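Numbering (this note's numbering), first residue to last: -10 to 490.
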Amino acid sequence: MPLVLPVEGDERFADPMWYQQPFFCILMQNYLAYTRAMERIVYDTHGVSKDDARRAAFWVRQAFNAIAPSNFFATNPEAMQRAWHSGGISLLQGVENLLEDWAAGDLRMVDRRPFVLGKNTANTPGAVVFRNALMEVIQYHPLRATVHAVPIVIVPPWINKYYILDLNEKKSMVRYLLSEGFNVFMISWKNPDAGMAEASYEAHVLDGALAAIEVARTICHVPQVHAVGYCIGGTALATLMAWLNHKYPEPAQMPIAHWSLLATLTDFSRPGDVSAFLNDESIATIDTLMARQGYLDARQIGWSFRLLRPNSQIWRYVVHKYLCGEKPPALDVLAWNEDGIRQPRATHSFCLHELYLKNKLAQKDAIVLRGIPIDLARIRQPLYVVGGRDDHITPWRSTFSTAALVRGPVRYALSTSGHILGIVNPPDAHSKHEYWAGDASGAGSYKAWLAAQTAMAGSWWPDWTAWLGRHCGQMQASKNEDSIQYPTLCDAPGTYVRETS
-10 MPLVLPVEGD
0 ERFADPMWYQ
10 QPFFCILMQN
20 YLAYTRAMER
30 IVYDTHGVSK
40 DDARRAAFWV
50 RQAFNAIAPS
60 NFFATNPEAM
70 QRAWHSGGIS
80 LLQGVENLLE
90 DWAAGDLRMV
100 DRRPFVLGKN
110 TANTPGAVVF
120 RNALMEVIQY
130 HPLRATVHAV
140 PIVIVPPWIN
150 KYYILDLNEK
160 KSMVRYLLSE
170 GFNVFMISWK
180 NPDAGMAEAS
190 YEAHVLDGAL
200 AAIEVARTIC
210 HVPQVHAVGY
220 CIGGTALATL
230 MAWLNHKYPE
240 PAQMPIAHWS
250 LLATLTDFSR
260 PGDVSAFLND
270 ESIATIDTLM
280 ARQGYLDARQ
290 IGWSFRLLRP
300 NSQIWRYVVH
310 KYLCGEKPPA
320 LDVLAWNEDG
330 IRQPRATHSF
340 CLHELYLKNK
350 LAQKDAIVLR
360 GIPIDLARIR
370 QPLYVVGGRD
380 DHITPWRSTF
390 STAALVRGPV
400 RYALSTSGHI
410 LGIVNPPDAH
420 SKHEYWAGDA
430 SGAGSYKAWL
440 AAQTAMAGSW
450 WPDWTAWLGR
460 HCGQMQASKN
470 EDSIQYPTLC
480 DAPGTYVRET
490 S
């Protein structure tokens, strides 16, 4: 029995040969023991702050992840067996994969060719009913004869394309909401180029999120909507909610009656693994790069996120593609992940400096948009919040902080899995997912809240739609007539989502 074992979920040493053959077993144990000792030394260094130690440990792990014995042919038993049993064909296929990636200029994780927008992904029927320089608004066709009176407007993150919420018939949150009798609108953000360098965070909040809400109110002839924000789209929505509550102190005047946040930070004091990149020097480097380009490129963003989980997002593909000669899989989530989008300089710089570095959104009146100061404590509307237990991009403990920052009633749901699969989590009789959900109004301790909850099997989606059903009004006949003010511009998924980086 090895004295030093990999942590649960470390797939690098899953092959039985690591445990059965003395050479590989000793190699694995020495590597793991030395790696953990070096990381411990970093944290135990006298006079180093916790933040600096955390950043240093991150880069130490990067270095040791890169030199893991599993990453080299001569010390990877699985790769050696593949080569032996295939007569060397796996090595030739690995070289072919390497040359293809070299020509593409990227380590490709997926075969995107089977996935076609509007055909087998992002294919829920609908129409683009509004377009400006920042975004398009998609109105989806109802799937039921009756719908709830209050429509839903979804604000996805502009750091990715919206259709993670409309992957296919089985995984589409949009389609699920439609099947439950909701009228759904979706923002599809434009993929910015250098000409949009000055597109600001303020513009995304007011000319993006608020503009889409006004479109939905007009088309549906309703005074209020339910708004949903995902990731940085949720951060923008929270900003908008505070802005609107200052402008419209009377609840009946508010364009948004209630809202939902999915994997969203409003308090950036503990932003998770991404904090390794958050210091003055690294952000100054990004600022210089964006000043030259006018934007941050999708591949530059993608590699930053890969570094947060290098073993599963980088080295796994190096091993399987180059050492074992496997072709990349055709997976819809990975295909979406590689369909990247650029970030305009002004918006990304604001998020890095004002949100991540200075945590201004959690501070009273520290951000001002068009003359109106932002204070989350002004928000009184009912809120449903979702976090992912394994989310390393927006850690659930940090998303839970929103409950203490706003003053309205809050229901919090904690889903198993991470930033994507914790949200894209459709009901499935064979699912192994769980969730915890309960009142979190004004709660400050995530530990106390979780201790008081009971795990529920399956997806949190039915709990959410039951909550939405209680808030979104009576059922009424659905209509699919074009608005005179907002006629159909084209069919969903629209034009902006097709723009490539």
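Positions of the beta carbon are idealized from the N, C-alpha and C atoms, including for glycine.
No experiment lies behind these values; they were computed from the predicted model shown.
Per DSSP, cross-strand counterpart(s) of residue i
i      : result
Gln128 : Ala116, Phe174
Tyr284 : Pro333
Gly377 : Ser404
Gly427 : Tyr401
Met243 : Met243 is not bridged to any residue.
His137 : Met464
Val142 : Phe174, Ala216
Trp385 : BP columns for Trp385 are empty, so no partner.
Pro362 : Val357
Leu251 : Tyr219, Val375
Asp480 : Ala116
Ala446 : Glu423
Nearest to residue i (by Cα), restricted to the options the options
i      : options                        : result
Gly447 : Ile412, Asp196, Ser434, His460 : Ile412
Ile176 : Ile208, Val217, Lys160, Leu167 : Val217
Leu372 : His460, Thr277, His74          : His460
Lys310 : Trp73, Val84, Tyr32, Asn65     : Val84
Cys220 : Thr274, Asn149, Gly314         : Asn149
Pro103 : Gln213, Arg259, Ala324         : Ala324
Gln51  : Gln352, His408, Gly483, Phe266 : Phe266
Phe61  : Thr391, Arg1, Ala273           : Arg1
Gly115 : Cys479, Gly77, Pro181          : Cys479
His210 : Ile272, His137, Glu191         : His137
Asp321 : Asp452, Pro451, Lys159         : Lys159
Met445 : Trp438, Leu403, Gly431         : Leu403
Trp232 : Gln302, Leu250, Val126, Ala355 : Ala355
Met27  : Cys14, Phe47, Gln10            : Phe47
Ala42  : Gly433, Asp262, Thr274, Arg288 : Asp262
Ile245 : Glu125, Leu156, Leu81, Ala200  : Ala200
Met185 : Met124, Thr135, Ala241, Ile202 : Met124
Ser79  : Ala441, Cys340, Val486, Glu315 : Glu315
Phe13  : Val31, Trp456, Arg487, Ala68   : Ala68
Cys313 : Ser293, Ser75, Arg44, Gln9     : Ser75
Gly223 : Phe171, Met279, Trp147         : Trp147
Thr253 : Gly427, Leu344, Asp417, Arg101 : Leu344
Ala273 : Leu251, Leu346, Asp286         : Leu346
Assumed close pair residue i, residue j - CB separation to whole angstroms, cut-off 8 Å
i      : j      : result
Ile330 : Trp425 : At roughly 32 Å, the Cβ-Cβ gap does not stay under 8 Å, so Ile330 and Trp425 are not in contact.
Thr405 : Arg378 : 5 Å
Ala225 : Val173 : That belief does not hold up - the Cβ atoms of Ala225 and Val173 are roughly 19 Å apart, past 8 Å.
Lys353 : Asp364 : 5 Å
Thr24  : Phe53  : 4 Å
Tyr284 : Pro131 : About 37 Å; that fails the 8 Å criterion.
Pro384 : Arg259 : 7 Å
Ser566 : Asp276 : Lying outside -10 to 490, the shown extent of the chain, residue 566 is not represented and no answer is given.
Ala432 : Ala393 : 6 Å
Arg400 : Asp428 : 6 Å
Straight-line gap, residue i to residue j (C-alpha atoms, nearest Å)
i       : j       : result
Trp91   : Asp256  : 40 Å
Val163  : Glu169  : 10 Å
Pro476  : Phe119  : 8 Å
Asn121  : Leu96   : 34 Å
Trp248  : Leu297  : 30 Å
Gly360  : Asn112  : 40 Å
Ile409  : Leu106  : 19 Å
Trp453  : Val214  : 16 Å
Pro398  : Thr391  : 11 Å
Ala437  : Phe389  : 12 Å
Pro451  : Val194  : 29 Å
Ile153  : Ala57   : 33 Å
Ile564  : Pro140  : Residue 564 is absent from the structure shown; the chain starts at -10 and stops at 490.
Leu88   : Asn268  : 36 Å
Ser420  : Ser161  : 16 Å
Pro333  : Val(-7) : 46 Å
Glu(-3) : Ile202  : 44 Å
Tyr32   : Arg487  : 46 Å
Met243  : Ala205  : 14 Å
Trp304  : Asp(-1) : 12 Å
His422  : Leu156  : 19 Å
Lys468  : Gly462  : 16 Å
Asp526  : Asn414  : Limits of the chain in this structure are -10 at one end and 490 at the other, which puts residue 526 out of reach.
Ala440  : Arg386  : 13 Å
Gln474  : Gly197  : 18 Å
Closer than 7 Å: residue i CB and nearest the ligand NAP heavy atom
i      : result
Ile176 : Questions concerning the ligand NAP fall outside what the structure shown contains, since it holds no ligand whatsoever.
*asked:* What ranges does the beta strand (DSSP E) occupy inside the stretch 59 to 126, keeping only unbroken runs of at least 3 residues that lie completely in it?
replied: 115 to 120
*asked:* As an exercise, report each continuous alpha helix (DSSP H) stretch of at least 4 residues that is fully enclosed by the stretch 153 to 234, in chain order.
replied: 162 to 168, 200 to 209
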